[in-house]
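Visitor:
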Amino acid sequence: MKSLRVVAASAVVVTALFTGACDDDSKDAKKDAAPATTDAGDADDLDGLDTQQNSDERLETGLPEECLEPFPFAFGEPDLGEVEMLPEEWPEPPVEAVLCSTSGTVGESIETADYATDADPEEVLAAYLEALAAYSPERTTVAELGRDVIDGQAGDVWFRVDAEPGRFTLTFSH
Numbered sequence: 273m274k275s276l277r278v279v280a281a282s283a284v285v286v287t288a289l290f291t292g293a294c295d296d297d298s299k300d301a302k303k304d305a306a307p308a309t310t311d312a313g314d315a316d317d318l319d320g321l322d323t324q325q326n327s328d329e330r331l332e333t334g335l336p337e338e339c340l341e342p343f344p345f346a347f348g349e350p351d352l353g354e355v356e357m358l359p360e361e362w363p364e365p366p367v368e369a370v371l372c373s374t375s376g377t378v379g380e381s382i383e384t385a386d387y388a389t390d391a392d393p394e395e396v397l398a399a400y401l402e403a404l405a406a407y408s409p410e411r412t413t414v415a416e417l418g419r420d421v422i423d424g425q426a427g428d429v430w431f432r433v434d435a436e437p438g439r440f441t442l443t444f445s446h
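All you need for the numbering used here is the position in the sequence shown, starting with 1, plus 272.
The structure is reproduced here in structure tokens:
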């Protein structure tokens with residue numbers, strides 16, 4: 273399933289690069305032919321992408337229902353076993369959470385696990401600071417993100433816990 277996600281993500285990137293490479297005349301023609309908004313909502317509004325049909329199709333792939341809103345592009349049944357860099361003694365989420373997706377870069381130098389949660393981001397970070405105490409994690413502010421994260425190292429694996437309202441992501445890297 274992981275290779276399917278990597279292929280699907282790669283296809284999206286290639287399509288985006290291809291369509292972004294259109295000359296100005298093609299862009300103008302598309303702009304004239306397409307309405308600025310649709311019945312699904314504003315073109316810039318991600319909620320418009322999550323139609324009932326899209327949600328039903330995503331659920332049929334095994335995606336937990338709790339993941340529909342916080343991860344609008346997730347699909348398939350997530351499997352934490354696909355995160356090969358996950359340290360052996362890594363704890364279960366210290367807050368109530370549902371695994372929504374796992375992914376990795378093509379070279380497998382970065383892997384992520386995405387979770388949906390009702391816990392406040394502050395609660396997620398505090399709980400992970402305690403749960404990961406054996407790894408001496410540090411809470412830092414990332415200016416580019418505009419929020420705090422937890423960074424640390426478990427053996428030769430660097431990790432980050434990044435929490436936002438309704439979700440958090442664990443990132444692992446060598």
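Heads up, the beta-carbon is just placed ideally off N, CA and C, and yes, glycines get one too.
Given the structure is predicted, the values throughout are model-derived calculations rather than measurements.
What separation, rounded to the nearest whole angstrom, lies between the Cα atoms of residue 354 and residue 411?
Guide: The straight-line gap from Cα to Cα measures roughly 27 Å.
Visitor: Residue 398 and residue 339: beta carbons closer than 8 Å?
Guide: Not in contact: residue 398 and residue 339 (Cβ atoms no closer than 8 Å).
Visitor: If you reduce the DSSP assignment to three classes, tell me which class residue 403 lands in.
Guide: In this structure, residue 403 counts as helix in the three-state DSSP scheme.
Visitor: What residue range is occupied by the uninterrupted beta strand (DSSP E) comprising residue 423?
Guide: Segment 419 to 426, the beta strand (DSSP E) holding residue 423.
Visitor: Quick check: the Cα distance between residue 368 and residue 439, rounded to an integer number of angstroms?
Guide: Using only the alpha carbons, I get a separation of about 11 Å.
Visitor: I'd like to know whether the C-beta atoms of residue 422 and residue 400 end up nearer to each other than 8 Å.
Guide: Closer than 8 Å, so yes.
Visitor: Taking Cβ to Cβ, would you say residue 429 is nearer than 8 Å to residue 442?
Guide: Against a cut-off of 8 Å, the Cβ pair of residue 442 and residue 429 comes out as no contact.
Visitor: Can you give me the Cβ contacts of residue 350 inside the same chain, cut-off strictly under 7 Å, excluding the 5 residues immediately before and after it?
Guide: Around residue 350: 371, 372, 373 and 374.
Visitor: Nearest to residue 435 by alpha carbon, out of 426, 418, 328 and 425?
Guide: Comparing Cα positions, the closest option is 418.
Visitor: Determine whether the beta carbon atoms of residue 390 and residue 346 lie at a separation below 8 Å.
Guide: No. Outside cutoff.
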